[in-house]
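Residue numbers (the working numbering), protein chains in the order written: chain A, 1 to 354; chain B, 355 to 1188.
Just so you know, even glycine gets a beta-carbon here, dropped at the ideal spot from N, CA and C.
Step one of this worksheet: look at the structure below.
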Amino acid sequence: MSTELNRMVDEATRAFTNATTMKELKLAKTTHVAENSPVALANRSIAELPKEDRKSAGQAIGAARSQISAAYAQREAELEVVELEARLAGEKVDVTLPASLRPQGALHPVTRLFYDLTDVFVAMGWEVMEGPEAEAEWLNFDALNFTPDHPSRFMSDTLFVDPPENHLVMRTHTSPVQMRTLLTRDLPVYIVVPGKTYRADEYDATHLPVFHQLEGLAVDKGLSMADLKGTLDHLARAMFGSETRTRLRPHYFPFTEPSAEIDIDCFICHGESVGNPDQPCRTCKSEGWIEWGGCGVVNPRVLAAAGIDTNVYSGFAFGMGVDRTVMFRHGASDLRDFAEGDVRFSRQLSGGSR
Amino acid sequence: MKAPYSWLIDHAQLPAEVNVPSLAEAFTQAGLLVERIDDPAGAIKGPVVVGKVLDFVVEPQKNGKSIRWCHVDCGPHNPEGESSRGVVCGAHNFEVGDYVPVVLPGTVLPGGFEIATRKTYGHLSDGMICAEDELGLGDDHSGIIVFDPALKPVIGSDALELLGAREPVFDIDVTPDTGYCLSIRGLAREAAQITGGVFTDPYSQEVPQESSAGYPVVLDSEDCPLFVAISVSGVDPTAQTPPWMVRRLNQAGVRSITLGVDVSNYVMIESGQPIHNYDASSLSGPIRVRKAKPGEKLTTLDHVDRVLSDEDLLITDDSGPIGLAGVMGGLTTELTETSSDILIEAAWFNPVSIGRTYRRHNLPSEASRRFERSVDSGVAYAAAMKVAELLRDLAGGVISEKVTVAGKVRVMPTCDFPDASLPGRILGVDLSEDHVVSILEASCVEVKKNPTGGLKLTPPTWRPDLVDTYDYVEEVGRKIGFSAIEARMPSAPVGRGYTPTQKLRRSVLNALAEAGFVEIIPLPFISEVDLDRLNLPGDDARRDVVRLANPLSEEQPYLRSTLLPGLFASVNRNTSRSIIDLALFECGLVFRGTQAGPAPMLDVSKRPTNKQVENLFASVPDQPRHVGVVLCGHWLPASADSGAEPVSWKHAVYAAEVVAQAVGATLIRRSASHTPWHPGRCAELGVMVDGEWVNLGWAGEIHPTVVDNWGLPTGSCAMELNLDLLMSLAPGVPEITALSKFPATKQDVALVVDDCIPSVEVTEALRVGAGELLESISLFDVYTGSQIGEGKKSLAFNLIFRAMDRTLTEDEASTARDAAVTAATTRTGAVMRT
């Protein structure tokens, strides 16, 4: 009996081991485990044994069935692994194939830079104001202390809405929003104004008749040029790195007094290129400084036009060209690319590269 | 303004430690931006020395020319043991004994031209004597440079120094408020003040009392309050301008013309006072300064006949107009090559009047530029007298003792300066009152104590820019330098961050970019032709455009009323560069022509009233912000495992959905016919507000004729909507409802309706009919064909039902579905498909 059982176990185990697919294994199971398998038949034959032998025979057969089941389970597990590996091998794809589900979209670099610029100010508690592009001449010029004969008001410089007697212009700077704000909001005021501006200017590699500015205005008690410099230093460091320095150079603007131009030291060469023809710098044209914009203390005449007591309040303002900032920050060489809509232009700046 | 360093230090004695770069830096710090320092000798590498021609032999050559074989004594630069250098020279404009510049072998001239000892014309030429252009110092090539003996040349000394080429020239950007720095005098004064040097005014002689002793002058206009006239007779008209003056004029960027002209230009550059010289013999009767009569005519020096405006200020005599004051002289009284009696004019003209006149006649000049920025009215006499003296010294003229001074020097406005601590407070620097006063006094401001406190300040005659208190604050700031200001961070009050609208707009831009659209910012100008090419009917709202009075191009005189022309033009730009699969978007203002009325021009001395502010703001044209999209070619090109996906109306609608989703609004679409879209593939976009339809824009495929008009790829699609309006209608803070934890039950239903019924109407009917157990509904198949009959379509929907509190039974779901179908039948005539 036990010899017989051992043979059955051996045969079953061999059959399972010989099975190389799940299908063969199932077939072997039918032969060696199912109803008409030798071990099943042997089990059924227990009833025919004498009563006293039944127990030991039952135990022996049970042990043999356990062995067969274990052998089956072991082989099944082995084959599952083999078959899964085979399936996965068959499912291999070329992951370097293109995987675009939509085209590559992009924001315009000017929009991206506006985000960065205004984020710096919003983080300081300033607010963002905007205004119309077709603007009242009074807000664009007179209220900002431009005399009636100031050259920038001539048709050679400023685009007028027809007829000019209606005193509407395409704003030449974002500054009319300063006056709109001062006329409508309570003091103190800390605002930045992003927006589009217009000049009767050339359209070439270094000039655009329609361009973008960021303007800042703060009016509060006790503000000075020191506050202006602190604000610009912070902005410059946020935009160009913590090492960046600014320089204020006296200049003239009708709406600020004192007025200054803002230079930032070149964040590429840090002045190494100055007087060093072997190491020219494209970003600052080997001048060491980059002209960034204009600024100054708000001319009290401007505050007076908004009805602000200039004995109590003072303010500062600044402005910079955003297209030009994109130009030197990213080394763009031709301003026409900003307006022509070639998708390759906007797509170049993505993710952290902005 | 070009200012030679040597000219500046003629009048300003600077501290020993000051050099060219440090002075340039100091100028820049004081607001006089040094844009460039011209250094002509800097381009020459190696020595150029003074030599004396000892002898030469003329040797004719076969080519018909002749050369000179010269011996030139170069002193210490002669070859060892020799007393001269042998040089071959092709020029003939020198004599034995002349002093000439000699370029020694090894020196590299501008353009990389290296001089070497070389065998030529049978001699060993050991250097080069050269012309002005060869040294890069001018364009004269008529002969070699021969030094004027008056310059006292020293053999072997630096020839470039003698030529003035070692003198650097500052090119300074003078801002409009510092007209006094359009002169050597003004710049030298600043240089001395900012470096701690000493300035000596070469034009210190004040304007004398009014006198009509000289040539009669009548002032008939407020725009000319001062006119000095000095006569010089017996001037030698053949006298030449001396080389030193020519050199300085050249350095200052002015060409030498004749002595008479050169002298007045020289004095203008030095003093800042433009001078006009008349041929006294051509004048008839008294000079009268007056406004022109309308239509009056004058032939100016440039031989142009000019018709004058009654705003033009004229110099006239009995013959009529003889000059456009401060702008250009007349032809009839011009100095000629025989003029020997000269009348010198130095006057002060109103800057505004001069500015208007030179612009009207398009005659910008060195003189009008200075008058426009205001000239020092106190310098008129000294400048005119300097011209007279130069004519005397250089051309033998006799200065008449009878000088005319018509009018007076302007009285400068005084300023009540409240408090000497103001400059320190505004600049953010510690400045004592004494320091402030000393700076102002160094700027020649008259400082007096006001009996009522504070200071009374009077600027010098050359500082018309000093009027208001803050002008003086700036003056102090310029003189201490803005680098003295220590940065301080102001603390703004707590802010509210971006406004909801600003946040929504940023979401919209980001969403479109992330959805695959590329942002563009084209110029916002359009033409009539652009509107025609959109096939817009005559009464279309988009034809109500804002026109510019002075457009950049007459071809595009309007501000855009729609974003589509800019988007389409950008498609053209890309396709012309072989980029044919495009999804572009723009977000920007469009302009509507209808306008309330002229914008008011208000008083600037005080705040306008609230009513005036309201009118001011209402005067600008309506300019809503739109967002627009254009698509062409493929949304996605073919790839390894899928075919190309051409753009369709759906992508345009998708863009609108992206925008609406970013704003949080639910867009409703309905079929529409609207130019420039394809009438069968155009969706009108809108929202329902209180049961009313509000149009926001359109999306779909572009009309094929418009596609042709613009040269767009076939099948191009577009979307444009009013973003400002959409954002204004965006829902407020939405609620988050509780989520059911029970399984959903799905039911499918197919309905047959008339072909013309929009699917959305059936969907909405089912939604309403299904009641609150319906969680979602989606249309998954549309069938038309023989099985359901002509003019019909079958719509298959998948409905998902779910309850908050239990698992729904099939019966409950079926009942709800039947109710949905009943509603669809009632509303749209839908029949269950069998």
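Taking the C-beta atoms as reference points, residue 362/B is found no nearer than 8 Å to residue 519/B. At least one C-beta of chain A is nearer than 8 Å to the C-beta of residue 824/B.
The alpha helix (DSSP H) runs of length 4 or more contained entirely in the region 100-130 of chain A are, from start to end of the chain, 109-123. Using a Cβ-Cβ cut-off of 9 Å, residue 92/A is close to nothing in chain B; its nearest Cβ partner there is about 14 Å away.
Residue state for residue 87/A is assigned as helix, using DSSP reduced to three classes. A straight-line Cα-Cα distance of about 41 Å links residue 822/B and residue 275/A.
One finds 105 in chain A with Cβ atoms closer than 7 Å to the Cβ of residue 871/B, taken in chain order. Put simply, the CB of residue 706/B is near chain A, with a gap under 8 Å to one of its CB atoms. In the DSSP assignment, residue 1155/B forms a beta bridge with 1099/B, 1128/B. Around residue 531/B, the same chain offers 819 as residues with beta carbons nearer than 6 Å, after the five sequence neighbours per side are excluded. For residue 199/A, the closest C-alpha among the options 190/A, 214/A, 218/A, 156/A is that of 156/A.
Residues of chain B whose Cβ lies closer than 7 Å to the Cβ of residue 110/A are, in chain order, 875.
Within the region 256-285 of chain A, the residues whose Cβ lies closer than 8 Å to some Cβ of chain B are 257, 258, 259, 260, 261, listed in chain order.
Around residue 100/A, the beta-carbon contacts reaching into chain B at under 8 Å are 990, 993. Boundaries of the beta strand (DSSP E) around residue 218/A: 210-221. Residue-level contact check: residue 51/A does not touch chain B, since none of the beta carbons of chain B fall below 8 Å from its beta carbon. According to DSSP, residue pairing for residue 313/A in a beta bridge involves 221/A. Look at residue 924/B: its C-beta is under 8 Å from a C-beta on chain A. Going by DSSP, residue 714/B is part of the alpha helix (DSSP H) stretching over 705-714. Listed along chain A are 134, each with a C-beta nearer than 7 Å to that of residue 945/B. Per DSSP, reduced to three states, the secondary structure at residue 1021/B is coil, with no helix or strand assignment. Rounded to the nearest whole angstrom, the C-alpha separation of residue 648/B and residue 690/B is 30 Å.
No Cβ of chain A is located within less than 8 Å of the beta carbon of residue 1009/B. Residue 154/A belongs to the set of residues whose beta carbon lies under 8 Å from a beta carbon in chain B. Sixteen is the threshold: when 16 or more other Cβ atoms of the shown chains lie within 10 Å of the Cβ of residue 172/A, as they do, the residue is buried. For residue 158/A, the three-state secondary structure derived from DSSP is coil. Residue contact with chain B for residue 18/A: absent (no Cβ-Cβ distance below 8 Å to any residue of chain B).
Across the set 990/B, 677/B, 608/B, 851/B, the C-alpha of 677/B shows the shortest separation from the C-alpha of residue 636/B. Around residue 127/A, the beta-carbon contacts reaching into chain B at under 7 Å are 849, 850.
Annotation: residue 23/A has no Cβ neighbours in chain B at a cutoff of 8 Å; minimum Cβ distance is about 31 Å.
Between residue 426/B and residue 454/B, the gap from beta carbon to beta carbon is short of 8 Å. Taking CB atoms only, residue 710/B has a neighbour in chain A less than 8 Å away. Less than 8 Å divides the Cβ of residue 125/A from the Cβ of residue 848/B. For residue 831/B, a Cβ of chain A is located within less than 8 Å of the residue's own Cβ.
A distance below 7 Å between beta-carbons, with the five flanking residues on each side excluded, links residue 145/A to the following residues of its chain, in chain order: 254, 255, 299, 301, 302. At a cut-off of 8 Å, the C-beta of residue 897/B has no neighbouring C-beta in chain A.
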